[in-house]
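Protein chains in written order, with my numbering: chain A, 288 to 477; chain B, 288 to 477; chain C, 288 to 477.
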């Protein structure tokens, strides 16, 4: 009886070890996306300064190509315009909902043939639910219905996090207002 | 005697394996911060070009909103000003200490109501102690005593590193000079 | 015979476990670089707008210091010039080869004494071979033969990837054209 246990136990270990190793291998090669360790859907709202709306503008053109200026977005699909922003983040798609934080950073338009942007910004939270920040960069081909950017890191509640955020233009009004839906999927949580 | 050893050894393995797995689980869910695998405290010094100090300025305004210019920081808490810098890094808080590297990149002011910045830069080391670079981005609400940004990656001695850096304004003189204390805590070391 | 197997098997396990642990330890402290899980060599081509080449320019100056303008790169080694780009990526060093994607983002010159840049950009792929994007930031001391920047993350085929990219100036013509060779080494593949 004792001997029987002895013979079977090592095999069990081997199997466990194999499973462990196979699990690691699977995680690194599988094409199936892992499940996020945290997921949040948020909205942010950008009101671009156009020379007449300084009272409620949340962003402004700060760089432009030789053929542009800082009050009107440039021709050629705004190629070269650089915009700095401080936009309210809300839990739903209502601009007037209480802000849970601010989206702060910049975007720049970087293609002459079609609207495309590159973004570098942070979500800076200051609510009872979340403290800390999440940092993003990535290409934002904004004519696509959805586009993915990288979550590079975070601080506070989001210490060292990594992931992907899916952007969606939820609404826009001319060249002054747009609202982005951000589906944040974190795959590394500390 | 031999049999006794045999019966106890597999149990030891099971315990070891369990400990290993529990350790992994704890590391990923615990709220207690892990200990950094590397930590460094450094200072860097920014002297902003103001039209009269080209001999020793280490940074310059390169973008500004429509209401600003490139020699004086803009009104509304410098909202929209973009500054490029090449600042000396020192081991202590003395501007004239030998530089161990350069902090290179940009910051931009991004809030109208209060001084707040967004930063993207690298520490480029060139000393006997360190070769390589560390890359940072993040929100820098500079009126806070301390604020955390992300360490995204590195090269050379800092190959693939990740972590968090705590910024502290160590000194400033008007709008021309400031000195930042940077407490770099790396949690991923390769 | 059976007993002999029993006595040797646990020792085998111990050795396996030890090897596993030693392997982990080695990976985290060894100075020997691990092997990339993926490697790609690509080229991209930058044609800077100079006031006369709007038909084929792929980049433009969008920010400059007080002593600069947006048609000619500034004195003092272009310190403070910010350039937005949308450059074709090719598999070989021929500008006219079919593009497999676009390099999109910005670079800025950030040293007065020598040509040095800081870059933030994405490779946006759109070929039969690759879909998705890779995000980069880092210091680019472009007078060095090779220089390393960070691969921070990615999307699509490059979901969550991290690594290092080695840049090399493969060719340049005056201040209008340059071609970069990018050797992308990914060390985290999902």
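Cβ coordinates follow ideal geometry from the N, Cα and C atoms, glycine included.
Predicted model only: the values in this text are computed from it and were never measured.
Is there at least one Cβ from chain C nearer than 8 Å to residue i's Cβ?
i: residue 373 (chain B); result: yes
i: residue 415 (chain A); result: no
i: residue 377 (chain B); result: no
i: residue 322 (chain B); result: no
i: residue 461 (chain B); result: no
i: residue 477 (chain A); result: no
i: residue 366 (chain A); result: yes
i: residue 441 (chain B); result: yes
i: residue 422 (chain B); result: yes
i: residue 369 (chain A); result: yes
i: residue 482 (chain B); result: As displayed, chain B neither begins before 288 nor continues past 477, which places residue 482 (chain B) out of reach and without an answer.
Taking the alpha-carbon of residue i as reference, which of the options has the nearest alpha-carbon?
i: residue 344 (chain A); options: A:373, A:449, A:405 and A:407; result: A:373
i: residue 324 (chain A); options: A:461, A:445, A:415 and A:363; result: A:445
i: residue 407 (chain A); options: B:397, B:402 and B:401; result: B:397
i: residue 353 (chain B); options: A:387, A:461 and A:359; result: A:359
i: residue 341 (chain C); options: A:363, A:326 and A:357; result: A:363
i: residue 370 (chain A); options: A:477, A:475 and A:462; result: A:462
i: residue 401 (chain C); options: C:380, C:381, C:394 and C:366; result: C:366
i: residue 322 (chain A); options: A:355, A:450 and A:382; result: A:450
i: residue 480 (chain C); options: C:409, C:473 and C:403; result: Not covered by the structure: residue 480 (chain C). The range shown for chain C is 288 to 477.
i: residue 426 (chain C); options: B:336, B:426 and B:393; result: B:393
i: residue 421 (chain A); options: A:356, A:447, A:405 and A:383; result: A:447
i: residue 405 (chain B); options: B:388, B:424, B:387 and B:399; result: B:424
Taking DSSP as the reference, what is the three-state secondary structure of residue i?
i: residue 387 (chain C); result: coil
i: residue 311 (chain B); result: With a pLDDT of only 45 at residue 311 (chain B), under 50, the local geometry of the prediction cannot be trusted, and the value read off the model is given with reservation. It is helical.
i: residue 447 (chain B); result: coil
i: residue 344 (chain C); result: coil
i: residue 351 (chain C); result: coil
i: residue 464 (chain A); result: strand
i: residue 404 (chain B); result: strand
i: residue 327 (chain B); result: strand
i: residue 469 (chain B); result: strand
i: residue 370 (chain B); result: strand
i: residue 414 (chain B); result: coil
i: residue 364 (chain A); result: coil
i: residue 439 (chain B); result: strand
i: residue 395 (chain B); result: strand
i: residue 434 (chain A); result: strand
i: residue 474 (chain A); result: strand
i: residue 427 (chain C); result: strand
i: residue 332 (chain C); result: strand
Closest Cβ-Cβ distance between residue i and chain A: below 8 Å?
i: residue 311 (chain B); result: Model confidence at residue 311 (chain B) stands at a pLDDT of 45, short of 50, so the residue's coordinates are unreliable; what they give is reported in the following sentence. False, the Cβ-Cβ gap to chain A never drops below 8 Å.
i: residue 455 (chain C); result: no
i: residue 327 (chain C); result: no
i: residue 393 (chain C); result: yes
i: residue 331 (chain C); result: no
i: residue 432 (chain B); result: no
i: residue 335 (chain B); result: no
i: residue 465 (chain C); result: no
i: residue 468 (chain B); result: no
How would you label residue i, buried or exposed, when you count the other beta carbons within 10 angstroms and need 16 or more for buried?
i: residue 459 (chain C); result: exposed
i: residue 338 (chain C); result: exposed
i: residue 432 (chain B); result: exposed
i: residue 475 (chain C); result: buried
i: residue 435 (chain B); result: buried
i: residue 326 (chain A); result: exposed
i: residue 430 (chain A); result: exposed
i: residue 320 (chain C); result: exposed
i: residue 368 (chain B); result: buried
i: residue 428 (chain A); result: buried
Less than 8 Å between CB atoms is the rule here; does residue i satisfy it with respect to chain B?
i: residue 384 (chain A); result: no
i: residue 473 (chain A); result: no
i: residue 353 (chain C); result: yes
i: residue 409 (chain C); result: no
i: residue 347 (chain A); result: yes
i: residue 446 (chain A); result: yes
i: residue 438 (chain A); result: no
i: residue 425 (chain A); result: no
i: residue 406 (chain A); result: no
Given 7 Å as the limit, tell me if residue i has its C-beta closer than that to any heavy atom belonging to the ligand MN.
i: residue 375 (chain A); result: Absence of the ligand MN from the depicted structure is noted, as is the absence of any ligand whatsoever, leaving it without description.
Three-pair Cβ contact test at 8 Å for the stretch 456-470 of chain B versus the stretch 453-464 of chain A: no
Cβ contact check for the stretch 434-446 of chain C and the stretch 435-442 of chain B: 3 or more pairs under 8 Å: yes
Answer yes if the stretch 330-344 of chain A comes into contact with the stretch 357-377 of chain A, meaning at least three C-beta pairs across the two stretches below 8 Å, and no otherwise. yes
On the three-pair Cβ rule with 8 Å, is the stretch 399-414 of chain C touching the stretch 411-419 of chain A? no
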